[in-house]
Structures are given as structure tokens and as C-alpha cells.
Ligand SMILES: C[S@@+](CC[C@H](N)C(=O)[O-])C[C@H]1O[C@@H](n2cnc3c(N)ncnc32)[C@H](O)[C@@H]1O
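Residue numbers (the working numbering): 113 to 373.
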């Protein structure tokens, strides 16, 4: 049997590096913004990851698929404020910053780590926020991530949408507290959670974040869509509300997403 319909739609590289979208040879990063399913142009985002993110942040702690998920979440959900903890040296904060800059979103990144006097196995000490020093749209705070982000978010409630990135302490109890805290305070917010890979017990891996996310979703049936980068450690999960309103807003080049009126 022959068919003339293409089996899938593949944007081909365009003539120049800036044609069709912000810094992409593969067209606009955001596609089908008027449709209900989460979708981005993965070729455009891959090019961004390779050219803009890798030279700055490398592949640790975020391997390629997680760099793609982090930037895809920003591209698709278009947050005005991103709240994240912990800051550590500032890799995730820098990723959010670079993605927002690339897309012309103007998002503010609020990045929180523990105070200097608090002991934590991963506390960055003097290295805190090194990769985001001096960036005007990245603000650094010290304290408990959930407490500070909740207080900031309440003050900024008129400036949704919000995206939260949970990458602080990875105990099941902590992650569960943070998921519930964000969902209660900001029911429409999207959440990214790091270190959510699951492996069976003989691996000896810490699967606390995976368990916390599973329990959270079981208690909120039908409320969130989950997208996971789960082919190996460390793993990342994106949770966002089902049936979100269509993504509206201007793209960096001044044009409208398809379907916007
Ligand atoms: C895995 S590192 C985060 C890596 C960081 N996102 C990056 O991209 O470089 C964990 C960080 O969370 C911080 N942390 C732990 N518990 C926290 C809490 N309750 N609030 C804020 N930060 C926390 C630690 O001090 C540490 O810097």
C-alpha cells in the first residue's frame, strides 16, 4: 500500500542560524501552542542545549535529557517567575536564565539555598551561586526553599505562571512536604523535581524523591500530567496541571504562537 501522507513532521534545517526562531536553524522552539498536549520543537531545543547550555553548565548534574526537559518546561509553560532550590553553584539557575533569555521571556529566577551556618552535606559554601553572579534577572536568597518561595510567590501572585524546581534535600519526607506545600499555595503552578529515577532495591539507589512524587500523584488523581526523564540517574520529573489553558504570549521575534489571536 502506498500513501502520500507524511508519517511524521520533521522540520528541516533552515538557511541561516537565526531564521524561524530565536537562534535556531530548526524553526520556532514552541510549536502547537494552541493544542492541549505538551510539545516543543526538540530539534530547536537540542541545538540550544548543545550550543548555549553545554559550554556553560556541562552534563553534570544534569545529563542531556534533563537539560532538554528543563529548557522544554520553560519553553512550553512560559513562566514569569521560576522558584528553585537549592542554588548550589547555580547550574539550574543559569539554565533557567539562559533559556528565558533565548526565548525572550523576561522571567525572573528566584534561587534559594540554605544559610551559611546551616550544615548540609551538599551545602556549597562560598561557591553558592557562582554561575549566576551579577545576572540581573536571577535573585539569590538564603533560607528554607519552600518557605521563601511561598512567601515570594504570594507577593507575586498577580504575575503567574510560576514554575518551581525542587532540588534541595532529597529525603522522601522533605520532597513530600515541598510538593504538598507548593500545590497548596499555588494550585496552578508547575513543578520540576530532580533525582526522581527509580531502580529496584538491589541497586542501593536513593529512591526517596520517586516515592514522594508517586504518593503525591496518588493523592491528586487526574490533576497533573507527568513527563519524566527516566533512563538512568539522576532522573527528573515535570508535573503540570492537566487541561492547561493554551499557551499565549509573544515569541521573542515578536510573532504570535500559532493560533493566538
Ligand atoms: C543537589 S544540590 C542543588 C544543585 C543545584 N540545583 C545546581 O544546579 O547546581 C542541593 C542543594 O540544596 C541545598 N538545600 C538543601 N536543603 C535545602 C532547603 N531546605 N532549602 C534550600 N536549599 C536547600 C543544599 O545546600 C545544596 O546546595
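All residues carry an ideal CB built from backbone N, CA and C; glycine is no exception.
Under 8 Å: does the beta carbon of residue i sit that close to some heavy atom of ligand 1?
i	result
residue 179	no
residue 235	yes
residue 324	no
residue 191	no
residue 163	no
residue 249	no
residue 288	no
residue 221	no
residue 200	yes
residue 300	no
Per the DSSP calculation, residue i is bridged to which residue(s)?
i	result
residue 336	353
residue 196	223, 277
residue 306	348
residue 250	221
residue 142	152
Measure the C-alpha to C-alpha separation of residue i and residue j and round it to an integer number of angstroms.
i	j	result
residue 366	residue 216	Unreliable placement is indicated for residue 366, whose pLDDT of 39 sits below 50; the coordinate value is still reported in the next sentence. If you take the alpha carbons of residue 366 and residue 216, they lie about 9 Å apart.
residue 335	residue 239	38 Å
residue 324	residue 306	12 Å
residue 263	residue 298	11 Å
residue 277	residue 312	25 Å
residue 287	residue 211	25 Å
residue 184	residue 150	9 Å
residue 394	residue 273	Because the chain in this structure spans residues 113 to 373, residue 394 falls outside the shown range and cannot be described.
Give a yes or no on whether 9 Å exceeds the smallest Cβ distance from residue i to chain D.
i	result
residue 263	Although the question refers to chain D, the structure presented lacks it and comprises just one protein chain.
Does the segment 316 to 331 touch the segment 251 to 269, meaning 3 or more C-beta pairs lie closer than 8 Å? No, the segment 251 to 269 is not in contact with the segment 316 to 331.
Three CB pairs or more closer than 8 Å across the segment 184 to 203 and the segment 248 to 264: Contact holds: three or more Cβ-Cβ distances are below 8 Å.
Please confirm if the segment 143 to 162 is in contact with the segment 217 to 233, defined as three or more CB-CB distances below 8 Å between the two stretches. Output reads no: the segment 217 to 233 does not touch the segment 143 to 162.
Does the structure place the segment 140 to 147 close enough to the segment 337 to 352 that three or more beta carbon pairs sit under 8 Å? Fewer than three pairs of CB atoms, one per stretch, sit closer than 8 Å, so the segment 337 to 352 makes no contact with the segment 140 to 147.
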